[in-house]
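**Student:** The UniProt record's numbering numbers the first residue of the sequence shown as 1 and each following residue consecutively.
We treat Cβ as the ideally placed atom computed from N, Cα and C, and that holds for glycine.
After the structure tokens below, expect a handful of questions from me.
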Amino acid sequence: MLVARTCQLYPNAAAATLVHKFFLVFSQWPWPKPVLLKQPEESRLGFPLWDPRVNVADRFHLMPIITPAYPQQNSTFNVSISTLTVMRQEFKSGLAITDEIMLRRTDWMKLFEPPNFFGKYKHFIVLMASTQSKEHHLEWYGLVESKIRILISNLERHPYIAIAHVNTESFPSTEPNG
1 MLVARTCQLY
11 PNAAAATLVH
21 KFFLVFSQWP
31 WPKPVLLKQP
41 EESRLGFPLW
51 DPRVNVADRF
61 HLMPIITPAY
71 PQQNSTFNVS
81 ISTLTVMRQE
91 FKSGLAITDE
101 IMLRRTDWMK
111 LFEPPNFFGK
121 YKHFIVLMAS
131 TQSKEHHLEW
141 YGLVESKIRI
151 LISNLERHPY
161 IAIAHVNTES
171 FPSTEPNG
């Protein structure tokens with residue numbers, strides 16, 4: 001939806017320009033101002049809509065990106081303070097890289113270099129989850145994943161933790177039977 005919004009803002013731009021403008025626009029976006037592809041529709045069908053004027057919970061969304069189809073919802077309702085911080089950093093990094101690309105000081109491969117997650121931080125929490133069978137793995141994985149959001153929220157409240165950045169990459173077990 002962010003790419004679509006960029007295309008709306010720059011309808012005649014070339015592909016390379018759109019990529020650069022994407023990072024330019026969203027590195028400067030005044031969050032929590034919502035990103036809208038179109039104005040929300042009013043309907044009497046009774047479905048709940050994203051509307052911070054009506055729904056108190058919607059007022060606390062940090063990075064609202066609203067779906068264009070009825071019923072409009074915030075596709076990023078689960079963004080945390082840390083997630084928003086990481087996203088802002090990535091938008092700024094993308095802008096710096098695409099600035100260099102547009103000035104022909106580097107090439108497009110620079111934009112696609114994998115991040116060095118483990119080189120970025122000094123402290124980590126490793127979460128290990130396993131099951132006895134492959135049949136239960138997906139169900140257990142989903143449950144554990146759903147609890148990570150709560151963990152992050154609790155970590156963000158700690159005065160000595162500046163950011164709780166989740167690495168969503170899973171790693172295979174190093175245990176012989178794991």
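Could you pull out every unbroken alpha helix (DSSP H) segment of at least 4 residues lying fully inside the UniProt domain "Poly(A) polymerase central" (1-113), listed in chain order?
**Tutor:** Listed in chain order, the complete alpha helix (DSSP H) runs (minimum 4 residues) inside the UniProt domain "Poly(A) polymerase central" (1-113) are 2-9, 15-27 and 81-102.
**Student:** DSSP three-state label for residue 182, please.
**Tutor:** This structure gives no information on residue 182, because the portion of the chain shown stretches from 1 to 178.
**Student:** Count the C-beta pairs between the region 96-105 and the region 66-79 that are closer than 8 Å, then say yes if the count reaches three, no if not.
**Tutor:** Because the criterion of three Cβ pairs below 8 Å is not met, the region 96-105 and the region 66-79 do not touch.
**Student:** Could you spell out where the alpha helix (DSSP H) holding F171 opens and where it closes?
**Tutor:** Neither: F171 is in no alpha helix (DSSP H) and is coded neither H nor E.
**Student:** Where do the N-terminal and C-terminal ends of the alpha helix (DSSP H) with F117 fall, by residue?
**Tutor:** Counting along the chain, the alpha helix (DSSP H) containing F117 begins and ends at F117 to K120.
**Student:** Grouping DSSP H, G and I as helix and E and B as strand, with all else coil, what is V144?
**Tutor:** V144: helix per DSSP, three-state reduction.
**Student:** How would you label T168, buried or exposed, when you count the other beta carbons within 10 angstroms and need 16 or more for buried?
**Tutor:** Label assigned to T168: exposed.
**Student:** Quick one: what's got a C-beta closer than 6 Å to H137's C-beta in the same chain, skipping five residues either side?
**Tutor:** Excluding positions up to five away in sequence, the list reads T131.
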